[in-house]
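Trainee: Quick one: this structure, given as structure tokens, is what I'll be asking you about.
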Amino acid sequence: MKSEVYELYPNKFINLDENRIYVMNTLFNLPEIYMIACLMDFFSNSNQYVKCTEGVKFGDFFMSYNSIFQDIRTAVDWVHTKGELKKKTVENVEEYVHKDERLPLLLDRMRESGAKVFLLTNSEYWYTNDVMGYLLGFPDKNGDVRDWKTYFDFIGVDAGKPAFFSGGTLLRQVNCSTGELRLGTHTGKLKQGQVCSGGSCDIFNKLMGAKGKDVLYVGDHIFGDILKSKKIRGWRTFLVVPELVQELHVWTEKCTLFSKLQNLDVIMGDLYKNLDSSTHERPDLSKVRGAIREVTHEMDLSYGMSGSLFRSGSRQTHFSTQVARYADVYASTPLNLIYYPFSYMFRAPAMLMPHESTVAHEQRFQVSDGPISTRSRASSIQADTPEQNKRTKYRVLERADSLVPHPRAETPKRVTHYHDEDDSEEESDKSS
881 MKSEVYELYP NKFINLDENR IYVMNTLFNL PEIYMIACLM DFFSNSNQYV KCTEGVKFGD
941 FFMSYNSIFQ DIRTAVDWVH TKGELKKKTV ENVEEYVHKD ERLPLLLDRM RESGAKVFLL
1001 TNSEYWYTND VMGYLLGFPD KNGDVRDWKT YFDFIGVDAG KPAFFSGGTL LRQVNCSTGE
1061 LRLGTHTGKL KQGQVCSGGS CDIFNKLMGA KGKDVLYVGD HIFGDILKSK KIRGWRTFLV
1121 VPELVQELHV WTEKCTLFSK LQNLDVIMGD LYKNLDSSTH ERPDLSKVRG AIREVTHEMD
1181 LSYGMSGSLF RSGSRQTHFS TQVARYADVY ASTPLNLIYY PFSYMFRAPA MLMPHESTVA
1241 HEQRFQVSDG PISTRSRASS IQADTPEQNK RTKYRVLERA DSLVPHPRAE TPKRVTHYHD
1301 EDDSEEESDK SS
């Protein structure tokens, strides 16, 4: 297997070109990934087909791996857009859609706190109506079921994300009785229970009276929901990652494996201890590297056949880096918000760079004189007495006389920049 990898990728480097690599990193892709794996396995092991470098042959017939992939992609898109996937889903909605009685409670509490709640989906109205009616269809004490549309201030179907965040389309009103679109473009104010089709982010912002960081967008698609809404519009983002339940289960149940991996890293570091550029012999790392591979393999198997969504051994996956970069908050379900006050400030712990995580605060370094030895604006007076000579001396920063006004920036006397605007007292006062 290793030799085959090196034959195709001599330096084990893959250029993530869109024409070469198609990234699949959402739950929507799981059936497609399974189909690709099954078909590739069939064509590679069938006696009827001859395996080639770029595909398989059957007599004079040649089928490339790229064409197999494209056929599957086209079939999956067809099933979603023109097939009976949604029809079969609503026919057996209890099996495919998870219902939770906390959802209507959360939506009501959001609106009671003063927030406007919206629903934005790429699905058609008929499908949205069936699914949302099931999700929010809880009878009250009198046995009456509340209309699901009353939980939202804005309902948008056929949104066409991610294009919704850039250009978008015309905003048209939906006739909830027939499911048909009304003629003309909707230009009026929002009304309770009104459903709109299409539209764009600019229109949405105008109707809702909100923009940018005023909006917290909850979605489960890292590209179509989170990445685009964050990069193009600067929305706050909440990524729903159902696999997080399994990830945390492995993290707690297999904690000994993570400890082993950390200990092996320490052992590897000890093998290089007291060695520098004058050393000619190389330490034997074969046993340590072999142990790291075994522990990493055992960790991957703990997550299932596909491994971890967030971690590959001691390194983060591509999906993990995207989550850290574009998702302000992520959880297995948005229902977790019900256990926090709506004034709660979610703040991630400080992320350490490698040079910070490997050097303890107790360690001290003597800064030598140099052109970039220090950027500190603080200056200290050199020692004049024998007792002071025993202490560490610092280079005096002296300023030459100059006729040029303000040749050097003055040291700030007050806070002039907030690294995170959420820390601003002014922002907090406005939101409270």
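Residue 1113 in the working numbering is what sits at position 233 of the sequence shown, and the numbering runs on without skipping anything. Where a beta carbon is used, it is the ideal one built from N, C-alpha and C, also for glycine. All of these numbers come straight from a predicted model, not from anything done at the bench.
1) Counting pairs of Cβ atoms below 8 angstroms between the stretch 1186–1200 and the stretch 960–973, do you hit three or more?
2) So, with DSSP's three-state summary, where would you put Arg-1191?
3) Quick check on the DSSP output: the beta strand (DSSP E) that includes Val-969 runs from which residue to which?
4) Return the chain-ordered list of same chain residues with a C-beta closer than 7 angstroms to the C-beta of Phe-942, the five sequence neighbours on each side being excluded.
5) Please state the DSSP three-state secondary structure of Thr-1230.
6) Secondary structure at Ile-1261, three-state DSSP: helix, strand or coil?
7) Tell me, which residues are paired with Arg-1052 by DSSP?
8) If you drop the 5 nearest sequence neighbours on each side, which residues of the same chain put their C-beta closer than 7 angstroms to that of Glu-887?
9) Apply the 10 Å Cβ neighbour rule to Gly-1079 and answer buried if 16 or more other Cβ atoms are within range, or exposed otherwise.
10) By how many angstroms is the C-alpha of Gln-1142 removed from the C-alpha of Glu-1174?
11) Could you pull out every residue in the same chain whose Cβ sits closer than 8 angstroms to the Cβ of Gln-928, ignoring the five residues on either side in sequence?
12) Can you check whether the CB of Val-1168 is closer than 8 angstroms to the CB of Leu-1144?
13) With Leu-919 and Pro-1122 assumed to form a contact (beta carbons below 8 angstroms), what rounded beta-carbon distance in angstroms separates them?
14) Hey, quick one: how far does the beta strand (DSSP E) through Val-1120 stretch, first residue to last?
15) Would you kindly check if the distance between the Cβ of Gly-1036 and the Cβ of Leu-985 is under 8 angstroms?
16) Considering Cα atoms alone, identify which of Asn-1009, Lys-1041, Leu-1015 is closest to Glu-1060.
17) Please work out which residues of its chain come closer than 7 angstroms, Cβ to Cβ, to Glu-1242, disregarding the five sequence neighbours upstream and downstream, and give them in chain order.
18) So the candidates are Phe-922, Ser-1139, Ser-1186; which of them puts its Cα closest to the Cα of Asn-905?
19) Whose C-beta lies closer than 7 angstroms to the C-beta of Lys-882 among residues of the same chain, with five residues either side of it excluded?
Mentor: Short version:
1) no
2) Three-state DSSP puts Arg-1191 in a strand.
3) Sequence inspection shows Thr at residue 969; the Val mentioned does not correspond to that position. Run containing Thr-969: none in the beta strand (DSSP E); it sits in the alpha helix (DSSP H), 965–971.
4) Gly-935
5) Just to set this straight, residue 1230 is Ala in the shown sequence, not Thr. Coil, per DSSP.
6) Since pLDDT at Ile-1261 reaches only 47, below the 50 mark, its modelled position is unreliable, and no value is offered.
7) Ser-1077
8) none
9) buried
10) 14 angstroms
11) Phe-938
12) Going by beta carbons, Leu-1144 and Val-1168 fall inside the 8 angstroms limit.
13) That pair is no contact at about 26 angstroms.
14) 1116–1120
15) No, Cβ-Cβ distance for Leu-985 and Gly-1036 is not below 8 angstroms.
16) The candidate whose alpha carbon is nearest that of Glu-1060 is Asn-1009.
17) None.
18) Nearest option by C-alpha distance: Ser-1186.
19) No residues qualify anywhere along the chain.
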